[in-house]
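Trainee: So in this note's numbering, the last one in the sequence shown is 464, and the numbering has no gaps at all.
Heads up, the beta-carbon is just placed ideally off N, CA and C, and yes, glycines get one too.
Since this is a predicted model, take the numbers as computed values, not measurements.
Just dropping this structure here.
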Amino acid sequence: MNISRRSFVKISGIGGLAVASSGRFDPLPEIAVVAAVLNPYNRVPVSLIIDDSTCLVNMAHFGIPQFGEVFPDQYKQDWRKLPREIPDSFVREFGEWSLEKGIKGKYTIVPYPACTGWVSRFIPGWTKRELEESLELVRQVIVPNWDIHPEMVSHTRVIDISTGQPYPYATSDYMENWEWSQKKSADELAAYQAYALRILKEAGLPCEGLTTPGGYGGRNQDNLALSTLEAVRDVYGAEIPHYFRDLFTEKGRSVAPQILHPSGLDGPDPKCVVSILGCTGDWFGGWDGLVRGDANRFITEDLSSGRMVEVIDSGEPAIMVCHWPGIYFNGEKIGFNILKEIKKRLDQKYDHLIWMKLSEIARYWAARELTTVTLQKNKLILKAPFAAPGFTVKLNASVRNPRIQIRGEVKPMARIKDLKALKDETWYAERAGSVLCFNLDKGLNEVIIN
Numbered sequence: 015m016n017i018s019r020r021s022f023v024k025i026s027g028i029g030g031l032a033v034a035s036s037g038r039f040d041p042l043p044e045i046a047v048v049a050a051v052l053n054p055y056n057r058v059p060v061s062l063i064i065d066d067s068t069c070l071v072n073m074a075h076f077g078i079p080q081f082g083e084v085f086p087d088q089y090k091q092d093w094r095k096l097p098r099e100i101p102d103s104f105v106r107e108f109g110e111w112s113l114e115k116g117i118k119g120k121y122t123i124v125p126y127p128a129c130t131g132w133v134s135r136f137i138p139g140w141t142k143r144e145l146e147e148s149l150e151l152v153r154q155v156i157v158p159n160w161d162i163h164p165e166m167v168s169h170t171r172v173i174d175i176s177t178g179q180p181y182p183y184a185t186s187d188y189m190e191n192w193e194w195s196q197k198k199s200a201d202e203l204a205a206y207q208a209y210a211l212r213i214l215k216e217a218g219l220p221c222e223g224l225t226t227p228g229g230y231g232g233r234n235q236d237n238l239a240l241s242t243l244e245a246v247r248d249v250y251g252a253e254i255p256h257y258f259r260d261l262f263t264e265k266g267r268s269v270a271p272q273i274l275h276p277s278g279l280d281g282p283d284p285k286c287v288v289s290i291l292g293c294t295g296d297w298f299g300g301w302d303g304l305v306r307g308d309a310n311r312f313i314t315e316d317l318s319s320g321r322m323v324e325v326i327d328s329g330e331p332a333i334m335v336c337h338w339p340g341i342y343f344n345g346e347k348i349g350f351n352i353l354k355e356i357k358k359r360l361d362q363k364y365d366h367l368i369w370m371k372l373s374e375i376a377r378y379w380a381a382r383e384l385t386t387v388t389l390q391k392n393k394l395i396l397k398a399p400f401a402a403p404g405f406t407v408k409l410n411a412s413v414r415n416p417r418i419q420i421r422g423e424v425k426p427m428a429r430i431k432d433l434k435a436l437k438d439e440t441w442y443a444e445r446a447g448s449v450l451c452f453n454l455d456k457g458l459n460e461v462i463i464n
């Protein structure tokens, strides 16, 4: 019986499945078995989205005057008092701390930051050597734990991709944050996004997704999704493109990743694009580094409440959102210190979290939603368009000696006594069920469940 592509499935009429009864295993020919796909390793993913970061340039200092030219009544900040640079010494401090603490997420590199210069070539105001050293630092201490995204091309003026020059119109129609993208076709958006991605590729940075600046694509989301799928696959060949555009802070609203435009799932070239949703506002220090944040909005000092608590307790990925100028906060590092406090509080409250990059979350949720599950006698058959490590399934029946068979190779699964020790190729026996964890391979997977 074919099962719909959902997070959980029901399977009935299983003759060969052994079910625990009175201390022994007896085959029961007619039982209803429920197989539920759980979170990776039965843990709750957490992550951090960092926007408005790039090499050397403080986007707030160079961006605010451009925004103010379009909306002078809305942008009255004294941007001249903001530092023009966020130094690499801070990038190193942040990156090394992230590596030590296992913090993961997404880190923007704006390709043509506020029209100052190109990260793949040169940025006036800094030497070529300083730029090259900044890029190498990103590769060393950021790339291991963070996805790299462009945030369109400049994050300010729209660029004429035929010339590489900003359009000379200081209106919302020619700013990336506002109107330009709202009526563009998927092909037009894809061409623009591919332009941004090629700059990062020229700079030697990996990429599987992109971030939208401000309101980019907000009223044109179907074309945004299609254009992301096209552009990221075209430039980088990424199997599962993803993007960040939206966040929701309302209690009770789902922030689970959205799997969009799946196609070719039964063929050699399956496709989909994943919309990653943030669950918090920027309560670290703001995009301009002017508003001091508050760790209590994420998780209170007594650990009892806060937006992260709400989302983690729901079981959905809890993905925080911040902006790099607020993490640095004009050299005071206020946002950085708030992040350290959040990490400490989360560790005090929870022991079942897993920090993941956005690309890792996108991959798992694509596999979770799009894998077809069937049962034949004593085998759980999973046909997966995409591979995913830590694929975790719970059965409402006890099994014995489960084995995973992939491409003809059979591997025994080791039984564990503590569910928190779950890892690939292990299983855990509950009183009335079993939890199985394995590396899901692209294509056919068989779990033998005697």
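(1) When DSSP labels each residue in this structure, what does D466 get in the three-state scheme?
(2) Can you tell me where the alpha helix (DSSP H) with M166 in it begins and where it stops?
(3) Helix, strand or coil for G447, going by three-state DSSP, please let me know.
(4) Leaving out five residues on either side along the sequence, give the residues of the same chain with a beta carbon under 8 Å from the beta carbon of G447.
(5) According to DSSP, is N72 helix, strand or coil?
(6) Pick helix, strand or coil for L42, following the three-state DSSP scheme.
(7) To the nearest whole angstrom, what separates the beta carbons of T242 and Q207, a pair I think is in contact under 8 Å?
(8) Using DSSP with H/G/I as helix, E/B as strand and the rest coil, what is N464?
(9) Can you say whether E8 is buried or exposed, counting buried as having 16 or more other CB atoms within 10 angstroms of its CB?
(10) When DSSP builds the beta bridges, which residues end up paired with W441?
(11) Quick one: what's E423 bridged to in DSSP?
(12) Using a Cβ-Cβ cut-off of 6 Å (strictly less than) and excluding sequence neighbours within five positions of I156, which residues of its own chain qualify?
(13) In this structure, how does DSSP classify R414 when only helix, strand and coil are distinguished?
(14) Which residue's Cα is closest to the Cα of V490: S199, E107, V172, T177?
(15) Note down, one range per segment and in chain order, each beta strand (DSSP E) of at least 3 residues found wholly within the region 136-210.
(16) Please name the residue or residues paired with F350 in a DSSP beta bridge.
(17) Taking the alpha carbon of L203 as the point to measure from, which residue in L240, G228, A184 has its own alpha carbon closest?
(18) Do you know offhand how far R445's Cα is from S195's?
(19) Using CA atoms only, rank isn't needed, just tell me which of I375, H75, K358, S328 is closest to S112.
(20) Enumerate in chain order the residues of its own chain whose CB-to-CB distance from D438 is below 8 Å, with the five nearest sequence positions on each side excluded.
(21) Check whether the region 328-348 touches the region 126-144, counting contact only when three or more Cβ pairs, one atom from each stretch, lie closer than 8 Å.
(22) At which residue ranges does the region 95-140 contain complete alpha helix (DSSP H) runs of 4 or more residues, listed in the order of the chain?
(23) Any idea what DSSP makes of Y378, helix, strand or coil?
(24) Suppose you measure from the CA of M334 to the CA of S61; what does that come to, to the nearest Å?
(25) Hey, quick one: how far does the beta strand (DSSP E) through I63 stretch, first residue to last?
(26) What did DSSP end up calling Y89 once you bin it into helix, strand or coil?
(27) Please go through the same chain and pick out, in chain order, the residues whose beta-carbon is closer than 6 Å to the beta-carbon of L52, but skip the five residues on each side of it.
(28) Looking at the unbroken alpha helix (DSSP H) that takes in S328, where does it start and where does it end?
(29) Are the beta-carbon atoms of A49 and V387 separated by less than 8 Å?
(30) Sort out for me which residues DSSP pairs H256 with in a bridge.
(31) Taking a contact to mean a Cβ-Cβ separation below 8 Å, would you say P227 touches E193 in this structure?
(32) Taking three-plus beta-carbon pairs below 8 Å as touching, is the region 414-422 in contact with the region 297-311?
(33) Applying the 10 Å Cβ sphere with the 16-neighbour rule, what's the burial state of T385?
(34) Where does S35 fall in DSSP's three states?
(35) Along the beta strand (DSSP E) that carries I333, what are the first and last residues, could you check?
(36) For T440, count neighbouring C-beta atoms within 10 Å of its own C-beta (all shown protein chains included) and say buried if the count is 16 or more, exposed if not.
Mentor: Per the coordinate set shown:
(1) No answer is possible for residue 466: it lies beyond the span of the chain, which begins at 15 and ends at 464.
(2) Unbroken run through M166: none, as it is neither H nor E.
(3) strand
(4) K408, L409, N410, A411, S412
(5) coil
(6) Because the pLDDT of L42 is 37, which lies under 50, any placement of that residue in the model is unreliable, and the number read from its coordinates should be weighed accordingly. Note: L42 maps to coil in three-state DSSP.
(7) Confirmed, Cβ separation roughly 7 Å.
(8) The answer is coil: DSSP assigns N464 none of H, G, I, E or B.
(9) Because the chain here runs from 15 to 464, residue 8 falls outside it and cannot be looked at.
(10) W441 is bridged by DSSP to R429, L450.
(11) Beta-bridge partners of E423 (DSSP): I420.
(12) G109, Y121
(13) coil
(14) What is shown of the chain runs 15 to 464, which leaves residue 490 out entirely.
(15) Listed in chain order, they are 160-163.
(16) F350 pairs with nothing; no bridge assigned.
(17) L240
(18) 54 Å
(19) K358
(20) P403, G404, C451, F452, N453
(21) no
(22) 102-115
(23) helix
(24) 6 Å
(25) 58-65
(26) coil
(27) T406, K408
(28) Counting along the chain, the alpha helix (DSSP H) containing S328 begins and ends at 321-328.
(29) yes
(30) Per DSSP, G223, V288.
(31) Cβ distance not < 8 Å, so P227 and E193 don't count as in contact.
(32) Contact between the region 414-422 and the region 297-311 is absent, because fewer than three Cβ pairs lie under 8 Å.
(33) By the 10 Å Cβ count, T385 comes out buried.
(34) In this prediction, S35 has a pLDDT of 25, which is less than 50 and means its spatial position is unreliable; nothing more can be read from the coordinates.
(35) 332-337
(36) buried
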